[in-house]
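First the structure, in the form of structure tokens, and then the observations on it.
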Amino acid sequence: MAELSRLPGPVADLWEWQLDGSCRQINPEVFFHPEGERGPARRSRDSQAKEVCLACPVLKQCREHALRVREPYGVWGAMTEDEREAYYAGHTVPAAS
1 MAELSRLPGP
11 VADLWEWQLD
21 GSCRQINPEV
31 FFHPEGERGP
41 ARRSRDSQAK
51 EVCLACPVLK
61 QCREHALRVR
71 EPYGVWGAMT
81 EDEREAYYAG
91 HTVPAAS
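Once you know that position 11 of the sequence shown is 11 in the UniProt record's numbering, the rest is easy, because the numbers rise by one and skip nothing.
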């Protein structure tokens, strides 16, 4: 579960970036793995999600959000769950802007 205490308040300006996400036009199943998915299937799905993210106009905001609130599932800002965990192990989490 995401750390709710780290989520920004209900101010629309803080969340408006999500309306511009390229992921809004794609099936969410691309970004979130089904239970038990492993190996090549998972890597392939993650790669598809990252391709969408890398062309997204709000990549930076999405990644900063995911790192700040410690999103536990899915591909956010072109980072998988495992990549975010590796980031946390070696970095401090960015503060809210």
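C-beta: ideal position from N, C-alpha, C; glycine also.
All values reported here derive from a predicted model rather than from experimental measurement.
Per DSSP, which one or two residues make a beta bridge with residue i?
i, result
"W76", "M79"
Would the beta-carbon of residue i fall within 7 Å of that of residue j?
i, j, result
"G77", "F32", "no"
"V58", "W15", "no"
"V52", "C23", "yes"
| field | Segment contact flag, the segment 59-72 with the segment 28-47, C-beta cutoff 8 Å, min 3 pairs | value | no
| request: Determine, using beta-carbon pairs with one atom in the segment 42-53 and one in the segment 15-34, whether at least three such pairs fall under 8 Å. | output: yes
| request: Enumerate, from N- to C-terminal direction, the unbroken alpha helix (DSSP H) stretches of 4 or more residues contained entirely within the segment 19-93. | output: 39-54, 59-69, 81-90
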